[in-house]
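Worksheet: the structure to be examined is printed underneath.
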Ligand SMILES: [Zn+2]
């Protein structure tokens with residue numbers, strides 16, 4: 708994968724791709740928890756539909 712270890716990355720500020728707040732990761736902890744919660748809910752719904 709070219710460009711993954713680019714020096715220019717230093718210039719770029721990492722922000723959450725969900726809320727846009729500064730974060731070291733693609734998705735901040737708050738949004739990660741939110742997504743995880745939604746995923747669990749979806750799983751629940753899927754199980755309900757199956758049954
Ligand atoms: Zn976020």
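Residue numbers (my numbering): 708 to 758.
A virtual CB, placed ideally from N, CA and C, is assigned to each residue, including glycine.
The structure displayed is predicted, hence computed values, not measured ones.
Would you kindly report the start and end of the unbroken alpha helix (DSSP H) that includes residue 653? Only positions 708 to 758 of the chain appear in the structure, and residue 653 is not among them; the question remains open.
Give the C-beta separation of residue 756 and residue 738 to the nearest angstrom, bearing in mind that I take them to be a contact with Cβ-Cβ under 8 angstroms. Your numbering for residue 756 matches position 49 in the chain shown. Your numbering for residue 738 matches position 31 in the chain shown. About 26 angstroms separates the two Cβ atoms, so there is no contact after all.
Ligand 1 and residue 720: does any heavy atom of the ligand fall closer than 7 angstroms to the residue's C-beta? In the chain shown, residue 720 corresponds to position 13, counting from 1. Residue side-chain check: residue 720 keeps its Cβ at 7 angstroms or more from all non-hydrogen atoms of ligand 1.
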